[in-house]
Each structure stands twice: as C-alpha cells, then as structure tokens.
Amino acid sequence: MSQRGGLLFPAALGISAAAHLLMLFLWPYSPLRPAQLPPEPIAVRLLQTPRPAPQPPAASQRQAARPEPQILAPEPAPPPALVPRTEPAPQPAAEALLELAPPAPETVVSPQAVDRGSPAVPGTDASASLAAEIAATQAVLASLRARIAEKIRYPALARANNWQGKVLLRLALDQDGRLLGLAVRRSSGYAVLDRAAAAVLRSVIPVDNPLGRPLQLDYEIAYELKD
C-alpha cells in the first residue's frame, strides 16, 4: 500500500505540469507592447514668404504679348531737281526818267533875210554853229566823264548776279548847264543798271556849258565786271 502511494504522487505531479503547459499553449498569444510615452511638443515656426507680384490683367498680358509694330524709317525724299539758272530776258527800254525838253528850234536863214548890201557866204553861219556845238559837246562829255569816274559804283545786286550791260542816256542841258531832261535811249537789259546810270549822271550835273544855249547830247555808261 505504501509503495503504491509512492508511485502515484510523481504521476500526479507530472499530469499537473502537463496540464499547465497545455493551458499556456492554448492561451491566446498577445505580443508585448512597449510602453507609450507622451508625445513631445513640436515647435513650429512659420516663415514669411514674399508676396508674389500682382499679375497684370489679362488684357495687359495680351497687349504685352502682342508684338510691337515695326517702325519703318521714312524713305529719303528725292533731292530737289536742279533748276538751271536763267538770266532774265532783256527788258525793253525804260520809260523816260524825266521828260526831255524840246530841242531848240533851228535857226533857218532865208535868202530874203540876208542883207543885199553884204556879200553872202553860203554855209558859213551853219558851219560855225555846228563846229561850236561839237566843241561844246566834247567839253561837256569830258567833264561828265571825269566826274562820273569818281562817283560811279557797281550795284550790289547786279554784281551778285553777274549782270552786265551798257546804258545809253540822252540828257538835255540849259544854257547854264543845268539838267532839263533825262531819258534812257537804250536799256542795258537790267532795270537796276539803268536806274544806277541815271542816278550817277544826275549827281554830277550841273556842268559847264560853253555853248551858252540849250544843248542835247547822249552819254553811254558801261557796267562790266572784270576778273
């Protein structure tokens, strides 16, 4: 009896151990979770970013996108056509600057007026009168020539335009050499030269008149440019 009891005790111990082991295997497996720590506070710093530039309106964008019109340089104007310089046509003789005094009537000696008691010398009086008139004319012309040479000036306008010409003037003097009348008989073709010639001729008159009676004569003034 005691021997049997000694055998049952170890057997019961083994069965108990086996039962505990079986219970351990049958218990639902739950893995061990680590202990959760409270989360640490996270510091957040906001960075201020620059605001984007305001976008232009759509119309402005389209206008900016539109290509600028190409500015074409104006074509150079053609050079003006050169007009050949033409000299003015010769002008007709200018009107009388002063009315000429009527020439003195010629003295006509009739045969009846000659004294029958004295011998008649045909042509003696006419020849003497003509010779005296020629001598007086030459003296007046020489005096005019000397005076005009001191006062004559070439008109600036005529010089600038290279105008040249000769003016033929007719003048009438009284018995004392004062001017009775002046006219242009032949124009130079340029009114400025005609007026200048008449002006210088007036400036040298009166002049000595050795004839002692009215005298009419022509005087030519030449305007020529010399190189």
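Taking my numbering, the leading residue of the sequence shown gets 1231, the next gets one more, and so forth.
Beta carbons are placed, not taken as given, at the ideal position from N, Cα and C, and that holds for glycine.
query                                                                                                                                                 : result
Give the secondary structure of Glu-1450 by DSSP, where H, G and I count as helix, E and B as strand, and everything else as coil.                    : strand
Relative to the C-alpha of Asp-1424, which residue among Glu-1380, Ser-1357, Gln-1368 and Tyr-1449 is closest?                                        : Tyr-1449
On the three-state DSSP scale, how would you describe Pro-1320?                                                                                       : Low confidence applies here, because Pro-1320 scores a pLDDT of 47, under 50, leaving its location unreliable and the question unanswered by this model.
Since Val-1414 sits in a beta bridge, which residues does DSSP pair it with?                                                                          : Leu-1399
Restricting to Cα atoms, I'd like to know which of Leu-1398, Ile-1451, Gly-1407 and Tyr-1420 is closest to Arg-1383.                                  : Ile-1451
For Lys-1456, which three-state DSSP category applies?                                                                                                : coil
Let me make sure I understand the geometry here. Which of Gly-1395, Val-1437, Arg-1375 and Leu-1371 has the alpha-carbon closest to that of Leu-1410? : Val-1437
Let me know the secondary structure DSSP gives Leu-1441 once reduced to three states.                                                                 : coil
Please report the straight-line C-alpha distance between Ala-1429 and Asp-1404, rounded to a whole angstrom.                                          : 19 Å
How far does the alpha helix (DSSP H) with Val-1174 in it extend, from its first residue to its last?                                                 : Outside the modelled stretch of the chain, which goes from 1231 to 1457, sits residue 1174, for which no answer is possible.
Within this structure, are the beta carbons of Ala-1413 and Pro-1444 separated by less than 8 Å?                                                      : no
In the DSSP output, what is Leu-1409 paired with across the bridge?                                                                                   : Leu-1403
Please classify Gly-1442 as buried or exposed, where buried requires at least 16 other C-beta atoms within 10 Å of its C-beta.                        : exposed
Taking the alpha carbon of Gly-1395 as the point to measure from, which residue in Leu-1360, Ile-1364 and Ala-1427 has its own alpha carbon closest?  : Ala-1427
Taking the beta carbon of Gln-1321 as the centre, do at least 16 other beta carbons fall within 10 Å, making it buried, or is it exposed?             : With a pLDDT of only 45 at Gln-1321, under the threshold of 50, the placement of this residue in the model should not be trusted; the figure read from the coordinates follows. It is exposed - the Cβ of Gln-1321 has fewer than 16 other Cβ atoms within 10 Å.
In this structure, does DSSP put Val-1434 in helix, strand or coil?                                                                                   : coil
Is there at least one Cβ from chain D nearer than 8 Å to Val-1430's Cβ?                                                                               : Absent here is chain D; the protein component of the structure consists of one chain.
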